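Report on one structure; see the data block that follows.
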Amino acid sequence: MSKISKCLFPAAGYGTRFLPATKAMPKEMLPIVTKPLIQYGVEEAMQAGISDMAIVTGRGKRAIEDHFDISYELEQQIAGSDKEDLLGDTREIMSRCRFSYTRQMEMKGLGHAILTGEALIGDSPFAVVLADDYCVAEGDGVLSQMVKLYEKYQCSIVAIEEVPMEETNRYGVIAGELEAENIYRVSRMVEKPDPAEAPSNLAIIGRYILSPDIFDIIRNTPPGKNGEMQITDALQTQASQGNVIGYKFQGRRFDCGSVDGYIEASNYTYQSQCNPS
Ligand code: UTP
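First residue of the sequence shown: 5, per the working numbering; consecutive thereafter.
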């Protein structure tokens with residue numbers, strides 16, 4: 005049985021909703037309190053037993069590589085002070101994980117970003133984390149929950165949540181049969197449908213487990229909504245073969261790709277980590 009040992013982080017998007025902050029800085033480096041979004045994603049992957057982090061970057065994203073590397077001057081500066089602990093989690097990540105990077109040269113959509121990661125992933129099933137979807141859970145993280153589910157189903161898995169019907173045009177939306185509690189066998193997926201055309205209000209969020217045949221499928225899927233290569237369209241091919249599970253995860257997701265979601269996540273995290281009452 006294949007184990008999930010690699011996680012792909014598509015992080016090449018422009019992040020235009022956060023301009024001017026994202027003019028020269030990657031959206032994935034925006035902090036929730038003091039930790040960048042991408043670090044939360046990496047920690048969630050580590051908790052799921054993954055140690056190979058494959059990051060798809062683009063122009064202006066070098067700060068991500070620097071973040072997961074040694075900074076000699078800085079470390080010398082804080083050595084022996086009480087600030088040393090502030091880098092403890094980051095050091096732990098660097099000692100336990102291997103990072104690899106590739107660049108998406110043209111931003112042709114999430115499907116294209118995932119295809120760009122093929123060289124780093126190879127021919128095994130893998131996880132995908134969109135770091136701008138920040139997830140919190142009380143017990144197992146969302147990716148850990150999905151890795152466990154993969155052990156049973158051995159096919160692609162998408163994390164889903166119920167959204168207000170009027171917001172379906174912001175997500176990929178699924179139709180499917182309830183197979184067990186919180187688990188759907190997906191039959192159809194539509195990218196950003198108008199509420200009137202949406203098959204349900206079950207929206208795909210930024211956590212996936214994908215079987216490696218997805219790369220060939222993406223290559224053979226024509227561009228979809230907005231002329232972009234959509235991962236939802238490629239997953240539809242797997243879904244029509246009965247090979248996609250939709251999983252209503254335990255926990256909470258914040259859409260940190262939007263300013264409102266980002267502020268909400270920051271307030272929530274500050275309250276729970278720094279100011280517990
Ligand atoms: P978004 O739809 O949030 O797009 O991408 P964006 O460009 O990052 O942000 P806005 O809409 O301009 O504010 C969802 C995820 O897919 C990645 C993004 O980095 C983000 O994690 N992505 C998207 C790519 O890596 N490449 C692409 O071509 C498109």
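Built from N, CA and C at the ideal position, the CB exists for glycine as well.
Just so we're clear, the structure is a prediction, and the values are computed from it rather than from any experiment.
Asked: Buried or exposed (CB count within 10 angstroms, at least 16 for buried), methionine 169; Found: exposed
Asked: Span of the beta strand (DSSP E) around phenylalanine 219; Found: No beta strand (DSSP E) holds phenylalanine 219; the alpha helix (DSSP H) holding it covers 218–223.
Asked: Neighbour-count burial assignment, isoleucine 74, 16 or more Cβ in a 10 Å radius; Found: exposed
Asked: Residues near alanine 49 by beta carbon distance below 7 Å, same chain, minus five either side; Found: Cys11, Met57, Ala131, Val133 and Leu147
Asked: Glycine 17 versus Ala207, Met109, Arg189 and Val190, residue with shortest Cα-Cα distance; Found: Met109
Asked: Glutamate 195 to cysteine 260 span [Cα, whole Å]; Found: 20 Å
Asked: Straight-line gap, leucine 153 to isoleucine 82 (C-alpha atoms, nearest Å); Found: 43 Å
Asked: Cβ-heavy atom distance, phenylalanine 299 to ligand 1, below 7 Å; Found: The displayed coordinates of the chain run from 5 to 281. Any statement about residue 299 would go beyond what the structure contains.
Asked: Residues that DSSP places opposite methionine 193 in a beta bridge; Found: Ile178
Asked: Within 8 Å, strictly: CB atoms of leucine 239 and methionine 193; Found: yes
Asked: Three or more C-beta pairs below 8 Å linking the stretch 196–216 and the stretch 99–108; Found: no
Asked: Within the stretch 25–58, ranges of the alpha helix (DSSP H) (whole runs, at least 4 residues); Found: 41–51
Asked: For alanine 163, the residue or residues it bridges with in DSSP; Found: Tyr251
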